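Residue numbers for the sequence shown, in this note's numbering: -3 to 170. A quick write-up on the structure given underneath.
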Amino acid sequence: MHNAKMLYEQKGLGNVTIEEIAEASDISRSTFFSHFASTDALMVEIAEVAIQDIITAYKKSGKRGVKGIIVILHKLVDDTCPYPKLSAQILMNGMIKTTESSPFIALEQLITSELIQEGKGEEFITYREQTMAILGAYFGMVYQKLIRREAFDSPQLLKKSITNLIYRIIGESK
């Protein structure tokens, strides 16, 4: 999956062949198909692993409420920085093609449940709206950097920005 992610980042999702992935991974085409039915299946697996890694980091942190949400978004930034174009494409495709059992829904539900646990701010904006705004802030930050052709070489600055935005969205100061 790592080799496929590098190729997708360099060439874009629709421009990488199974043969290129197999060659970069030093495996045969048939070995690729023994693990994945198609490149779409590979993309789903990459997305599922990424979301599961985020959820695992959150659980291991032991943090809840806003601090738990910050762990989630910081891990999302960490996963985005090495492969920004790919991350944006995978997340967008995953959301568009999402189903009830999608890991993207699990991530959204996790953030919403942490907001509910925190119990702040729903008098002006619902927890679901807060979740949308938090995830929207992340996407806005990523897409703005992509639009401006800026490097993703400072995860700490991105984490600081997303943390500030989270606190503003929930109506709290740090």
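Think of the CB as a built atom: it goes at the ideal place given N, C-alpha and C, for glycine as much as any other residue. Treat the numbers as computed from the prediction; the structure is a model and nothing was measured.
- Here the C-alpha atom of I107 lies approximately 23 Å from the C-alpha atom of M39.
- Taking a contact to require three or more Cβ pairs closer than 8 Å, the stretch 126 to 142 and the stretch 28 to 44 do not qualify as touching.
- In the structure shown, I121 adopts coil according to DSSP, grouped into three states.
- With a 10 Å radius around the Cβ and a threshold of 16 neighbouring Cβ atoms, T122 comes out exposed.
- For D49, the enclosing alpha helix (DSSP H) begins and ends at T35 to S57.
- By the C-beta density criterion, F29 is exposed, having fewer than 16 other C-beta atoms within 10 angstroms.
- Selection G58, F148, I23 and T13 evaluated against S83 yields F148 as nearest (Cα-Cα).
- Taking C-alpha positions only, D22 is separated from N(-1) by approximately 10 Å.
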